[in-house]
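Student: Take this structure first; my questions come after.
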Amino acid sequence: MWTWFHKLASPPHFYRIAGLTIPWFSWPALILILVGLYGGLVLAPMDYQQGEGFRIFYVHVPSAIMSMFIYSTMAIAAGIGLIWRMKLAHAVAAASAPIGAWFTFCALATGSLWGKPMWGTWWVWDARLTSELILLFLYLGFIALRSSIEDPQRADRSAAVLALVGVINLPVIHYSVVWWNSLHQGSTMFNPGAMSIQMKWPALAMLFGFMLYYGAVLFVRLRAEVIRRERNAAWLREELAR
Amino acid sequence: MTPRRKRMIAVAAIVIGVGAATAVALQAFQENIMYFYSPSQVTGGEAPRGRAFRLGGLVTTGSLQRTPGSIEINFLVTDNAETIPVKYSGLLPDLFREGQGVIAHGKLNDGGVFVADEVLAKHDENYMPPEVADTLKTPQSAGGAS
Numbered sequence: 000m001w002t003w004f005h006k007l008a009s010p011p012h013f014y015r016i017a018g019l020t021i022p023w024f025s026w027p028a029l030i031l032i033l034v035g036l037y038g039g040l041v042l043a044p045m046d047y048q049q050g051e052g053f054r055i056f057y058v059h060v061p062s063a064i065m066s067m068f069i070y071s072t073m074a075i076a077a078g079i080g081l082i083w084r085m086k087l088a089h090a091v092a093a094a095s096a097p098i099g100a101w102f103t104f105c106a107l108a109t110g111s112l113w114g115k116p117m118w119g120t121w122w123v124w125d126a127r128l129t130s131e132l133i134l135l136f137l138y139l140g141f142i143a144l145r146s147s148i149e150d151p152q153r154a155d156r157s158a159a160v161l162a163l164v165g166v167i168n169l170p171v172i173h174y175s176v177v178w179w180n181s182l183h184q185g186s187t188m189f190n191p192g193a194m195s196i197q198m199k200w201p202a203l204a205m206l207f208g209f210m211l212y213y214g215a216v217l218f219v220r221l222r223a224e225v226i227r228r229e230r231n232a233a234w235l236r237e238e239l240a241r
Numbered sequence: 000m001t002p003r004r005k006r007m008i009a010v011a012a013i014v015i016g017v018g019a020a021t022a023v024a025l026q027a028f029q030e031n032i033m034y035f036y037s038p039s040q041v042t043g044g045e046a047p048r049g050r051a052f053r054l055g056g057l058v059t060t061g062s063l064q065r066t067p068g069s070i071e072i073n074f075l076v077t078d079n080a081e082t083i084p085v086k087y088s089g090l091l092p093d094l095f096r097e098g099q100g101v102i103a104h105g106k107l108n109d110g111g112v113f114v115a116d117e118v119l120a121k122h123d124e125n126y127m128p129p130e131v132a133d134t135l136k137t138p139q140s141a142g143g144a145s
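Structure, rendered in C-alpha cells:
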C-alpha cells in the first residue's frame, strides 16, 4: 500500500494516472449536473411557501456544501504536506483553493439573489452569512499568501499553516444557525424530514456532480502544476512527444 | 521523538489552539452575534432600552391590521410565550404573512409598541409541495414552527 502511495506521488506516474482519471470524473459530472438541473428546475414540485422561487436552492445549497467540502480537503492536504513534507499534498491544497473560492462566491451570490425576494434584503450581517464571507476571505488569503512568497517550499508551508488556522471556521459556519439567532434558516440537507425525496434528489445529484467536477478540475490543475515543476525533466519531454 | 512526530504535534497544536481561542472569543461576543431578540427576551429586559435592536418571532395569526388609505400595518410578534405589538409602514417581503417568521428592526416606544423601520421575513428549513402542506394542515398538527 505504501509503495503504491509513493509511486502515485512520483510526478511521471501521477501525471499519467491523472490523465487517465479525468474523463471518469468530467463525464459523470456533466451528466449529474444536467440531470440535477432538469430535476430541480422542471421535475421537482414547487414549494408551498416560496413557490417557484425556491428552485435557486438547487444551485445555492450544493455550492455552499462544496465551499466547505473543498476547504476541508484543502486543509487536510495542507496538514499532510506539513507533516510528511509531501509536495503533491501541497499542490492539491494550492490547486483546490481557487475552485473552493469560486464555489464560495457562487453560494454568496445565489444566496443574495434568493434573499432579496424572500427575506427582503440582499445581505445581513448574521452569523451564517458573515462566517461564509470569512471563508471566501480565507481562500483569497491563502491564494495571496502563496503567490506572495517566491521560494516554493516556504510558500507551501506558510499557506498550509493559514489553511489549518482557517479550519475553525468550518464548524462555526455549520453550527452558526444552531448556536445563534440568525436570519438564515437551519440546515435542510442534513436534517432528514426537512425535505421529501422527490424534492431532495436533484439537490443530491447536483452535489455529487459538483464533487466530480471538483475532482476533474483538480486533476487538470495538478497536471499543469506537475508540468510547471518538472519542466526540465526528460520524462516529460518523452511524454509530451508521444 | 522523530521530526515527523514533532510536526504532527505542531499541526495538532495549531488546530486545537486556534479552536480554543475562537471558542473563547465567540463566547465573549455571544450577545453581539445574536441577530435578534425574541419577545421573551424583550419582556425579560435583555433587549437594549432606548436603542434600536431586532425583534424576531412569528406573526400571530389573525393579528395583522392594515390602516386603510396608508401602508401602515400593525401586527403581533410572538414566540408562543410572550407577545410584542409591532407598528410598521413600508414595503414587506413576499414571504411576510401571518403565522410566518419575521425579523423587525426598530425601537420600543414608551407604550411598549415596537416601531419598526425594516421588516424581513424568516423562513424555516422545511420545503414541501403545496399538496403535502394542505394535507398536513387538515389534521390538528398545523403548528409549523417546530
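As you go down the protein sequences, you meet chains A and B in turn. Terminal number for the first sequence in numbering that gives the first Met the number 0: 241, no gaps in between. Terminal number for the second sequence in numbering that gives the first Met the number 0: 145, no gaps in between. We put the CB at the ideal spot given by N, CA and C, even for glycine. Here the structure is a predicted model, which is why all the values come from computation and not from measurement.
Give the straight-line distance between the Cα atoms of residue 95 of chain A and residue 160 of chain A, rounded to the nearest whole angstrom.
Tutor: For residue 95 of chain A and residue 160 of chain A, the distance between alpha carbons rounds to 15 Å.
Student: Using a Cβ-Cβ cutoff of less than 6 Å, which residues in the same chain neighbour residue 208 of chain A once the five nearest sequence positions on both sides are dropped?
Tutor: For residue 208 of chain A, where only same-chain residues beyond five positions count, the Cβ hits under 6 Å are 28, 31, 32 and 35.
Student: Cα-Cα, which of B:17, B:31, B:69 and B:100 is closest to residue 166 of chain A?
Tutor: Minimum Cα distance to residue 166 of chain A is reached at B:17.
Student: I want to see whether chain A comes within less than 7 Å of residue 77 of chain B, judged by CB atoms only; does it?
Tutor: Not one chain A Cβ lies under 7 Å of residue 77 of chain B.
Student: Tell me which residue opens and which closes the beta strand (DSSP E) that residue 251 of chain A is part of.
Tutor: Lying before the first or after the last residue shown, residue 251 of chain A is absent from chain A, which here runs from 0 to 241.
Student: Are residue 78 of chain B and residue 38 of chain B closer than 7 Å when you measure CB to CB?
Tutor: Cβ distance < 7 Å, so residue 78 of chain B and residue 38 of chain B count as in contact.
Student: Using only alpha-carbon positions, find the residue among A:93, A:127 and A:88 that is nearest to residue 106 of chain A.
Tutor: Among A:93, A:127 and A:88, the Cα nearest to that of residue 106 of chain A is on A:127.
Student: Please confirm if the region 13 to 21 of chain A is in contact with the region 212 to 225 of chain A, defined as three or more CB-CB distances below 8 Å between the two stretches.
Tutor: Contact holds: three or more Cβ-Cβ distances are below 8 Å.
Student: Quick one: Cα of residue 36 of chain B to Cα of residue 102 of chain B, how far?
Tutor: Rounded to whole angstroms, residue 36 of chain B to residue 102 of chain B spans 9 Å at the Cα level.
Student: Mind pulling the chain B residues with CB within less than 7 Å of residue 48 of chain A?
Tutor: Per Cβ cutoff of 7 Å: 94 and 122.
Student: By alpha-carbon positions, which one of B:107, B:76, B:106 and B:105 ends up nearest to residue 97 of chain B?
Tutor: Looking at the Cα atoms, B:76 is the closest of the given residues.
Student: Flag residue 125 of chain A as yes if its beta-carbon sits less than 7 Å from any beta-carbon of chain B, otherwise no.
Tutor: Yes - at least one Cβ of chain B is within 7 Å of the one on residue 125 of chain A.
Student: Check the C-beta distance from residue 131 of chain A over to residue 103 of chain A and give it rounded, since I have them as a contact under 8 Å.
Tutor: At roughly 7 Å, the Cβ-Cβ gap stays under 8 Å, so residue 131 of chain A and residue 103 of chain A are in contact.
Student: Measuring alpha carbon to alpha carbon, tell me which of A:59, A:52 and A:22 ends up nearest residue 187 of chain A.
Tutor: Of A:59, A:52 and A:22, the residue nearest in Cα terms is A:59.
Student: What are the boundary residues of the alpha helix (DSSP H) that includes residue 89 of chain A?
Tutor: Its alpha helix (DSSP H) spans residues 86 to 117.
Student: Classify residue 122 of chain B as helix, strand or coil using the three-state DSSP reduction.
Tutor: In the structure shown, residue 122 of chain B sits in coil (DSSP, three-state: anything other than H, G, I, E or B).
Student: In or out: residue 116 of chain B buried (at least 16 other Cβ within 10 Å) or exposed?
Tutor: So residue 116 of chain B ends up on the exposed side.
Student: For residue 144 of chain B, name the three-state secondary structure that DSSP assigns.
Tutor: Residue confidence is low: residue 144 of chain B scores 43 on pLDDT, short of 50, so the model does not pin down where it sits. Its coordinate-derived value is still stated next. Coil.
Student: For residue 61 of chain B, go through chain A and note every residue whose CB falls closer than 9 Å to its CB, in chain order.
Tutor: By Cβ distance, chain A contributes nothing, its closest Cβ being about 19 Å from residue 61 of chain B, past 9 Å.
Student: Please confirm whether residue 79 of chain A and residue 88 of chain A have their CB atoms less than 7 Å apart.
Tutor: Cβ atoms of residue 79 of chain A and residue 88 of chain A: closer than 7 Å.
Student: Who are the neighbours of residue 181 of chain A on chain B, taking C-beta pairs under 8 Å?
Tutor: Neighbours of residue 181 of chain A on chain B, chain order: 34.
Student: Cβ atoms of residue 74 of chain A and residue 91 of chain A: under 7 Å apart, would you say?
Tutor: In this structure, residue 74 of chain A does not lie closer than 7 Å to residue 91 of chain A by Cβ.
Student: Hey, would you say residue 53 of chain B sits closer than 7 Å to residue 104 of chain B, going by beta carbons?
Tutor: Contact: yes.
Student: Would you mind telling me which residues of chain B sit closer than 9 Å to residue 194 of chain A, beta carbon to beta carbon, in chain order?
Tutor: Correct list: 124, 125, 126 and 127.
Student: Which residues bound the beta strand (DSSP E) around residue 77 of chain B?
Tutor: Counting along the chain, the beta strand (DSSP E) containing residue 77 of chain B begins and ends at 71 to 77.
Student: Any beta carbon from chain A within less than 7 Å of residue 48 of chain B's own beta carbon?
Tutor: Answer no: the Cβ-Cβ gap between residue 48 of chain B and chain A never drops below 7 Å.
Student: With DSSP as the reference, label residue 35 of chain B as helix, strand or coil.
Tutor: Residue 35 of chain B falls in the coil class under three-state DSSP.
Student: Can you find the residues in the same chain that come closer than 6 Å, C-beta to C-beta, to residue 21 of chain A, ignoring five residues on each side of it along the sequence?
Tutor: Excluding residues within five positions, the ones whose Cβ falls inside 6 Å are 215 and 218.
Student: State the Cα-Cα distance for the pair residue 27 of chain B and residue 168 of chain A, rounded to the nearest angstrom.
Tutor: Near 17 Å, if we compare the C-alpha coordinates of residue 168 of chain A and residue 27 of chain B.
Student: In angstroms, rounded to a whole number, what distance separates the CA positions of residue 242 of chain A and residue 63 of chain B?
Tutor: Outside the shown range of chain A, which is 0 to 241, sits residue 242 of chain A, and nothing can be said about it.
Student: What's the C-alpha gap between residue 68 of chain A and residue 231 of chain A?
Tutor: The alpha-carbon atoms of residue 68 of chain A and residue 231 of chain A are separated by roughly 35 Å.
Student: Identify, in the order they occur along the chain, each residue of the same chain with its Cβ nearer than 7 Å to the Cβ of residue 144 of chain A, setting aside the five sequence neighbours on each side.
Tutor: These residues qualify, in order along the chain: 157, 158 and 161.
Student: State the DSSP-derived secondary structure class of residue 222 of chain A, mapped to helix, strand or coil.
Tutor: Correct three-state label for residue 222 of chain A: helix.
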